[in-house]
Amino acid sequence: MTVDKELWAVRTPASARPITFDSDRCIGCNRCANICQVDVFIPNPEKGKPPVLMWPGECYYCGSCVMVCPRQGAITLNHPLMNRAKFVPSRRPEDDPVC
Amino acid sequence: MNNVYAWPYANEFGQRETVRSDVLVLGGGLAGCFAAIAAARKGRSVALVEKGATERSGSAGSGFDHWESACSNPCSRVTPKEIAEAYIEEQDEYSNGIAHYIECREGYDRLLDLEDFGGKIRDTEGLFRGAEFRDEKTGLLFAYDYTNRFTLRVWGTTFKPALYRELKRLGVRVFDRVEATCLATAGSGGEKRCTGAIGMNTRTGKLMVFEAAATVLAMSRPARIWLFNPDLVGLCEFRPTQSIGSGHAMGWRAGVEFTMMEKSVRGEFSAAGRSFPPYGTGNNHNTWYAATMVDARGVEIPYVDRDGRELKTVSERYRPAPGQKFFLKGGVIDEAKYPYRGPETLDYDELMRRGYKLPFYADLSRMPEMERRAIWGLMVGEEGKTRIPILENYTRRGFDPEKHMLQSYGTGWQSASFLGQERQLFGAPGGIMHDWDLKTNLDGLYAAGDQLFASDCCGFACATGYYAGRKAADSVGGAEREKVDPALIDREEARLYAPMLVRDGMNWRELNMAISKAMQNYCGEFKCDELLNEGLDLLNSYERDSVPLLCCDNPHELMRTHEVLDILEVARLILNACLLRKTSSAPLNFRRTDSDLTDPPQDRAFLTIRQENGKAVGGRKPLRYFGDIETEYIKRNEAYIAERDARYGSR
Ligand SMILES: Cc1cc2nc3c(=O)[nH]c(=O)nc-3n(C[C@H](O)[C@H](O)[C@H](O)COP(=O)(O)OP(=O)(O)OC[C@H]3O[C@@H](n4cnc5c(N)ncnc54)[C@H](O)[C@@H]3O)c2cc1C
Ligand code: SF4
Ligand code: SF4
């Protein structure tokens, strides 16, 4: 049984943008695309360019793509805005008049 | 921006490749890799099928920080039997005694293997020299109970690549980007045996047929049954996006026996909604144990031992209470029973009574330097999904553990609170029923890791993987490899490709959303026969009316579509399992509104379920069906014990 139709893919947008590339640093080696267990990228049709993030909503935010990249800073992982946990300078009770 | 791309990989729909091996392993996480290594060490030809990329796939692909129950490490002050028995009692006997004992007994052997393969298991550079959790002779680092030293802190980011190299070195044929979809069987009834599996390349659509004398299932556990978010699909659950329980679905279709599938817990984690990135909020559990916690004013929250005694020092948080031999902590230990309960921060309600103010924070700046560096830098860094997502990301955002405190959300420590109907298979959920060989009810079919019932962690996955691999290899002996039935291959091909041939149909997200909503409605916190039957009826209508409408344009989406078909299958397995249990059960988090009984003696058993001719067939096995864990283990593993002692020295 064959599937005699042209295969194509539409980039499926999501509310978050987990991965960004710095195309000046990226050498288009596709290592990130080939390590991703979720397979959210496809290689860029233009050789030497960063892969295309086709399915951003499927990203598992594991960071393996960043870990495998040979070019520091070529690929960055960012959490959705709602998931950026808050931190503040440490406080001691003596700083606080209420206590 | 151009959003439409020609498919970059070959169109191999309609092509078939047949792969023959002695042993076939489905799933290339920790369990699958170790199963393959064990079988290859026994001289068997091995094929390993992995949906992602084995080098970093699975729950532990990006790392893990705790190695639990390493009771045979040279510094341990507990025996494998003590800890395995403690788990069985802690879990009210709804516990996988066989697998836990294997973990406690052989886990440390696997860690030494990992070290051989190039993984890092000890502090060779002396970064923590002098810390009370470091053994100066071996360089091993311990977590939780520093007195008894049976949980190790490890450099888990190094493990998957090391395993992958070893697979290659041993000549295991690794098939990455292949999704197993169907088990091949021959014979019927009690004579049924597994002859291999069928699958599909997730980039090209090629049909893959695997013929093997023995097969090991290691495809983790179901997910996205109750919790789904069509926007942030990859954040819905704790385990990786592509791990949704297809191993369970194909097992169910083939007649494999499961148990405890009626157990589910109120959601604990979903970063698509209420939760934050794992290990990325202030808390004092797991990776962050035993962080100093403070309230909004900066007032420190006391730790207490099991008797309510307030602990004065950080060091005491890592020690058993007076009169207690050891305490349990780890992935599936929530609030341990008194005999095993370790130090905890004061109960939330008591904190409120005493006037503590929300929000709470983890403040590592108040901890001794070694403890701070162990939590932030080692544990947060080596734990799964932390090296880049937490350590690097938070540092980039300016977080400095010597200066900042990290917020905890909600009222408890989980940094999320879910509704009763938002459920998950978490905390030692159900899975495959097995015997002392980790063999399923089908001949030639074994299982390991998170696919087993009541599984929990990495040590469990590695130890049971290796064990299942060696038992599978031993079984091959004279076993003939059979051909996979050609009619089955044709049927599976037609089933797999069908959504590629539909135009203008339904997207897989719509079906997943519908299933999750149905499960929240019909299989939520409270169950009764009528509700469960209505749920089954609805899911059957989805199968009949909506599944034929599913459509997609390329192999990637086809993979996602079949994931949802597997989710549908597993949802029905769960509903059927719930129907079989007629009374409520506290250890199984199972509540019926149509029975007044909770855990009556006649129902304290492993209820089993399998499918035969399209019908659910129930069975039961007594709790502790596995007998005395040590005696039964030794009986069956003399050769391994001798080989192990020769390799690593006797215990
Ligand atoms: C973020 C995180 C942190 C954790 N931290 C710890 C820790 O510190 N200590 C600890 O002990 N435990 C930890 N755990 C739990 C532990 O990682 C798992 O219990 C363990 O890795 C399970 O191993 P496994 O091989 O059974 O499953 P997995 O490692 O999940 O592997 C299953 C594999 O099967 C593949 N697969 C799925 N379906 C198919 C299919 N149809 N065909 C082919 N392949 C398929 C998947 O791609 C995956 O690679 C953590 C889990 C997570 C998610
Ligand atoms: S973070 Fe993980 S899931 Fe997301 S793109 Fe990178 S490798 Fe893939
Ligand atoms: S691994 Fe790095 S350099 Fe290679 S394609 Fe990805 S981002 Fe570019």
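So the protein sequences, as listed, match chains A and B.
Position in the first sequence (first residue = 1) + 24 = my numbering.
Position in the second sequence (first residue = 1) + 103 = my numbering.
All C-beta atoms, glycine included, are put in the ideal place defined by N, C-alpha and C.
Per DSSP, B/I436 is paired with what?
Within the second sequence, numbered from 1, the residue matching residue 436 of chain B stands at position 333. The partner list for B/I436 (beta bridge, DSSP) reads B/G433.
Closer than 9 Å, CB to CB, is A/L101 near chain B or not?
Looking up residue 101 of chain A in the first sequence gives position 77. With its beta carbon less than 9 Å from one in chain B, A/L101 belongs to the interface.
Alpha carbon of B/N740 to alpha carbon of B/I328, nearest angstrom
Here the question's residue 740 of chain B lines up with position 637 in the second sequence. Here the question's residue 328 of chain B lines up with position 225 in the second sequence. B/N740 and B/I328 have their C-alpha atoms spaced approximately 38 Å apart.
Residues of chain B with CB under 7 Å from A/L31, in chain order?
Stepping through the first sequence from its first residue, residue 31 of chain A is reached at position 7. Among the residues of chain B, those whose CB is under 7 Å from the CB of A/L31 are W110, N114, D656, N657, following chain order.
Just to confirm the assignment: which complete alpha helix (DSSP H) runs, minimum length 4, are found wholly within the stretch 206-256 of chain B?
Taking only runs of at least 4 residues, no alpha helix (DSSP H) segment lies wholly in the stretch 206-256 of chain B.
A/F111 versus chain B: which residues are under 7 Å apart at the beta carbon?
Indexing the first sequence from 1 puts residue 111 of chain A at position 87. Counting only Cβ-Cβ distances below 7 Å, A/F111 has contacts in chain B at F502, H507, M508, L509, Q510, in chain order.
State the CB to CB distance for the pair B/K724 and B/T711, rounded to an integer number of angstroms; the pair is presumed to be in contact (CB under 8 Å).
Along the second sequence, one-based indexing puts residue 724 of chain B at 621. Along the second sequence, one-based indexing puts residue 711 of chain B at 608. At roughly 6 Å, the Cβ-Cβ gap stays under 8 Å, so B/K724 and B/T711 are in contact.
Do A/Q61 and B/G501 count as a contact pair if the criterion is CB distance below 9 Å?
Here residue 501 of chain B is taken as the residue at index 398 of the second sequence, counted from 1. Here residue 61 of chain A is taken as the residue at index 37 of the first sequence, counted from 1. It is not a contact, given that the beta carbons lie outside the stated cut-off.
Indicate whether at least one CB of chain A lies closer than 9 Å to the CB of B/Y756.
Residue 756 of chain B falls outside the range modelled here, since chain B spans only 104 to 754, and no answer is possible.
Could you tell me which uninterrupted alpha helix (DSSP H) segments, each at least 4 residues in length, are contained entirely in the stretch 317-384 of chain B, listed from first to last along the chain?
Secondary structure remark: continuous alpha helix (DSSP H) runs of at least 4 residues inside the stretch 317-384 of chain B, in chain order: 349-357.
Counting Cβ pairs closer than 8 Å, one from the stretch 385-394 of chain B and one from the stretch 367-375 of chain B, do we hit at least three?
Here the stretch 385-394 of chain B does not lie against the stretch 367-375 of chain B, with fewer than 3 beta-carbon pairs under 8 Å apart.
Sequence-distant residues of its chain with Cβ nearer than 6 Å to B/V281 (five each side left out):
As a first step, residue 281 of chain B must be located in the second sequence, where it is residue number 178. Closer than 6 Å at the Cβ level, and outside the excluded window around B/V281, lie V152, G302, N304, M311.
Assuming contact is defined by CB atoms lying nearer than 9 Å, are B/R778 and B/G166 in contact in what I supplied?
Outside the modelled stretch of chain B, which goes from 104 to 754, sits residue 778 of chain B, for which no answer is possible.
For B/H659, does the three-state DSSP call read helix, strand or coil?
Along the second sequence, one-based indexing puts residue 659 of chain B at 556. Looking at B/H659 - three-state DSSP - the assignment turns out to be helix.
Reducing DSSP to helix, strand and coil, say where B/H665 ends up.
Here the question's residue 665 of chain B lines up with position 562 in the second sequence. The answer is helix: DSSP assigns B/H665 an H, G or I state.
Closer than 8 Å by C-beta to B/R180: which residues in its own chain qualify, once you throw out the five before and the five after it? Chain order, please.
Here residue 180 of chain B refers to the residue found at position 77 when the second sequence is read from its first residue. Here the set comprises T250, N251, R252, F253, F429.
Is B/G299 near ligand 1, with its Cβ less than 8 Å from a heavy atom?
Locating residue 299 of chain B in the second sequence gives position 196, counting from the first residue. Checking the Cβ of B/G299 against ligand 1 gives no.
Interface residues of chain B around A/I59 at Cβ under 8 Å?
Reading the first sequence from its first residue, position 35 is the one you call residue 59 of chain A. Those are A156, E158, R159, listed as they occur along chain B.
Enumerate, from N- to C-terminal direction, the unbroken alpha helix (DSSP H) stretches of 4 or more residues contained entirely within the stretch 619-645 of chain B.
Listed in chain order, the alpha helix (DSSP H) elements of length 4 or more contained wholly in the stretch 619-645 of chain B are 632-644.
Whole-angstrom distance between B/C565 and B/P111, CA atom to CA atom:
By 1-based counting over the second sequence, the position of residue 111 of chain B is 8. By 1-based counting over the second sequence, the position of residue 565 of chain B is 462. Taking the straight line from one Cα to the other gives about 36 Å.
Same chain, Cβ closer than 6 Å to A/R125, five either side skipped, listed in chain order:
Outside the modelled stretch of chain A, which goes from 25 to 123, sits residue 125 of chain A, for which no answer is possible.
Identify the continuous beta strand (DSSP E) that holds B/R119 and give its terminal residues.
Here residue 119 of chain B refers to the residue found at position 16 when the second sequence is read from its first residue. Element bounds for B/R119: 119-129.
Could you check whether the Cβ of A/A98 sits closer than 9 Å to any Cβ belonging to chain B?
As a position in the first sequence, residue 98 of chain A is number 74, starting the count at 1. No, A/A98 does not count as interfacial toward chain B.
Is A/A109 closer than 9 Å to B/F116 when the C-beta atoms are compared?
For this step, residue 116 of chain B is matched to residue 13 along the second sequence. For this step, residue 109 of chain A is matched to residue 85 along the first sequence. With contacts defined by Cβ atoms closer than 9 Å, B/F116 and A/A109 do not form a contacting pair.
Identify the continuous beta strand (DSSP E) that holds A/I43 and give its terminal residues.
Here residue 43 of chain A is taken as the residue at index 19 of the first sequence, counted from 1. Annotation: the continuous beta strand (DSSP E) that includes A/I43 extends over 43-45.
Would you list the residues sitting across from A/L105 in a DSSP beta bridge?
Along the first sequence, one-based indexing puts residue 105 of chain A at 81. None, per the DSSP bridge assignment.
Contacts of A/D63 in chain B (Cβ-Cβ under 9 Å):
Looking up residue 63 of chain A in the first sequence gives position 39. The contacting residues are K154, G155, A156, R280, T305, R306, Q345, H659, M662.
Length of the line joining the Cα atoms of B/Q118 and B/L522
Working through the second sequence from its first residue, we reach residue 118 of chain B at position 15. Working through the second sequence from its first residue, we reach residue 522 of chain B at position 419. Going from the Cα of B/Q118 to the Cα of B/L522 covers about 47 Å.
Among B/T121, B/A357, B/G484, B/T182, which one has its Cα closest to the Cα of B/G293?
As a working note, residue 293 of chain B is residue 190 in the second sequence. Nearest Cα to B/G293 within the set B/T121, B/A357, B/G484, B/T182: B/A357.
Tell me whether A/T26 is buried or exposed, calling it buried when 16 or more other Cβ atoms sit within 10 Å of its Cβ.
Taking the first sequence and counting its residues from 1, one reaches residue 26 of chain A at position 2. A residue is called buried once 16 or more other Cβ atoms fall within 10 Å of its Cβ, and A/T26, having fewer, is exposed.
Is DSSP giving A/V122 helix, strand or coil here?
To locate residue 122 of chain A, count along the first sequence from 1; it is residue 98. A caution first: A/V122 carries a pLDDT of 46, below 50, which makes its placement in the model too unreliable to give a value.
Roughly how far, in whole angstroms, is the beta-carbon of A/V112 from the beta-carbon of A/L101, given that I think they are within contact range, below 8 Å?
Taking the first sequence and counting its residues from 1, the one referred to as residue 112 of chain A is at position 88. Taking the first sequence and counting its residues from 1, the one referred to as residue 101 of chain A is at position 77. No, A/V112 and A/L101 are not in contact; Cβ-Cβ is about 24 Å, not under 8 Å.
Leaving aside the five residues before and after B/E171 along the sequence, list all residues of the same chain whose C-beta is less than 6 Å from its C-beta, in chain order.
As a working note, residue 171 of chain B is residue 68 in the second sequence. For B/E171, where only same-chain residues beyond five positions count, the Cβ hits under 6 Å are T254, G433, C560, G562.
Would you report the Cα separation of B/I737 and B/A571, rounded to the nearest angstrom?
Working through the second sequence from its first residue, we reach residue 737 of chain B at position 634. Working through the second sequence from its first residue, we reach residue 571 of chain B at position 468. Answer to the nearest angstrom: the Cα atoms are 16 Å apart.
Closer than 8 Å to a non-hydrogen atom of ligand 2 - does that hold for the CB of A/Q96?
Indexing the first sequence from 1 puts residue 96 of chain A at position 72. Answer for A/Q96: no, Cβ out of range of ligand 2.
According to DSSP, is B/F262 helix, strand or coil?
Counted from its first residue, the second sequence places residue 262 of chain B at position 159. Three-state result, B/F262: helix.
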